[in-house]
Amino acid sequence: MSNIVLIKTSLVTRAQATTRVWDIGGWLDTWFAVIGEILNIGVWSRYFGSTGPFRGVEVSVEKTQTNPQAGKIEIIAADPSFDVGNVEIRSLDNGNFDHSNILLDTLYLLKRYLDPRFNFTIRILSPFPPGASVGTSAAVEIALGKAITGGELPLGELAKIGWRAETEIKGGQSGIQDHWGSDFSGGVGLYTVSSYPETTMRPVRISDATKMALNDGLVTVCYGTHDSSEMHNRVISGLEGEGEHSPRLARLRGLALQAEDALRRGYLTKFGRIGIENTEAQKALCPELVSQSAEFIIQTAKIHKALGWKVNGAGGEGGSITVLMSTRSATEEFVASVRRYAPSDWKIFEHRLP
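So the sequence shown is numbered by the working numbering: it starts at 11 and just counts up by one.
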């Protein structure tokens, strides 16, 4: 069941989608891995210690009537790479638009829902800064699709559209887990790639006690921005000669199923160790995937006896790492240490599972 939030009025539609953290088996959802299982946790988020609501990426679409065939699109976002002003809807029919803008690429694949008798003003809010490596771009694409379509598409359809927008239309590199995770937006999910990009998913049912422990113990530190397509290209260049049977990819295989079993049984110590093992496997793929900033956070997590940690997404010099602590008080002590010694522009987030 999706936890996407839809609020419809006569003129405005809003939708939210979760971002994802702690992606186990990431890189197995790519064309060069071909097959694999990935587990991730979809979360609502806010700045650590704040009193505001936990939220996901939110997209609102406002429709205002205009002259026939004169409809235009305006996109307003904190991330300037998403912004566009007054793009004619009819330009999507002939492909005459900026293909570097992932939201226009997504709208191109959803153009049958864009009535040219209307202007569309699209506003985007996100709890995370751009390039945080938690699947924010995919969440924006999925929330946009939900708002444009009114949530009428079945689970998985918007995931496919988001993936096509990033790869076929924009021409970038992309796995599939981010789009599926945001389309599901239901907490913990296991995603099986049978032959890239063909994917199925199943929700991972966990106890209330395990959910509460994850809510108390998961904390994400964002230490900069990065370009995931660029990082994909670096990893691909190092794996081209090894193919899908690469021994470095083999280190990742099976970890998602182990993580699923650990969460179902409530074995959070084991779940934390799997995150550490996955992060070490990422480093073996490409040392640059685990940056010096991530290593600093890992050392701080060790001092505070963290259960585990996981560099999120594609990794790299920018991005984020999620740490799992054993209790809320331990989480607070860890965050205090990071804030004491880390650069002031780093952002720290706490989470709630849907």
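Cβ atoms here follow ideal geometry from the backbone N, Cα and C, with glycine treated the same way. Keep in mind it's a predicted model, so treat the numbers as computed, not measured.
Provide the residue(s) that pair with residue i in DSSP beta bridges, ordered along the chain.
| i | result |
| --- | --- |
| residue 55 | 65 and 361 |
| residue 231 | 331 and 358 |
| residue 213 | 199 |
| residue 310 | Its beta-bridge partners do not exist; DSSP assigns none. |
| residue 87 | 134 |
| residue 321 | 331 |
| residue 30 | 52 |
| residue 73 | 130 |
| residue 82 | 98 |
| residue 326 | 300 |
| residue 254 | None, per the DSSP bridge assignment. |
| residue 205 | 208 |
| residue 46 | 203 |
Tell me which residue opens and which closes the alpha helix (DSSP H) that residue i is part of.
| i | result |
| --- | --- |
| residue 274 | 265-275 |
| residue 188 | 187-194 |
| residue 226 | 218-227 |
| residue 118 | 112-119 |
| residue 351 | 338-351 |
| residue 159 | 146-159 |
| residue 257 | 257-260 |
| residue 42 | Counting along the chain, residue 42 falls outside any alpha helix (DSSP H), and DSSP gives it neither H nor E. |
| residue 283 | 278-295 |
| residue 315 | That residue, residue 315, is in no alpha helix (DSSP H); it is neither H nor E in DSSP. |
| residue 102 | 101-104 |
| residue 168 | 167-174 |
What residue range does the beta strand (DSSP E) around residue i cover?
| i | result |
| --- | --- |
| residue 129 | 128-135 |
| residue 27 | 22-27 |
| residue 96 | 94-98 |
| residue 122 | Note, residue 122: premise wrong, no beta strand (DSSP E); not H, not E. |
Return the Cβ separation of residue i and residue j in integer angstroms, given the expectation that the two are a contact with Cβ distance under 8 Å.
| i | j | result |
| --- | --- | --- |
| residue 38 | residue 262 | 6 Å |
| residue 112 | residue 94 | Incorrect: roughly 11 Å between the Cβ atoms, too far for contact. |
| residue 43 | residue 259 | 6 Å |
| residue 117 | residue 124 | 7 Å |
| residue 317 | residue 336 | 6 Å |
| residue 57 | residue 359 | 6 Å |
| residue 293 | residue 139 | Actually they are not in contact, since the Cβ atoms of residue 293 and residue 139 sit about 24 Å apart, beyond 8 Å. |
| residue 319 | residue 284 | Rounded, the Cβ-Cβ distance is 11 Å, inconsistent with contact. |
| residue 66 | residue 54 | 5 Å |
| residue 40 | residue 185 | 5 Å |
| residue 136 | residue 88 | 7 Å |
Touch test, the region 44-61 against the region 199-218, Cβ-Cβ under 8 Å, three pairs minimum = yes
Per the contact definition of three or more C-beta pairs closer than 8 Å, is the region 274-288 in contact with the region 56-75?
-> no
If we count Cβ pairs, one from each stretch, closer than 8 Å, do we get three or more for the region 94-104 versus the region 163-173?
-> no
For the 8 Å Cβ check, are there 3 or more pairs between the region 126-144 and the region 312-332?
-> yes
Could you say if the region 191-198 and the region 25-34 meet the contact criterion of at least three C-beta pairs nearer than 8 Å?
-> yes
Are at least three pairs of beta-carbons, each pair with one atom in the region 306-313 and one in the region 204-223, less than 8 Å apart?
-> no
Pair every Cβ in the region 311-323 with every Cβ in the region 242-257, then say whether three or more of these pairs are closer than 8 Å.
-> no
Pair every Cβ in the region 335-342 with every Cβ in the region 289-307, then say whether three or more of these pairs are closer than 8 Å.
-> no
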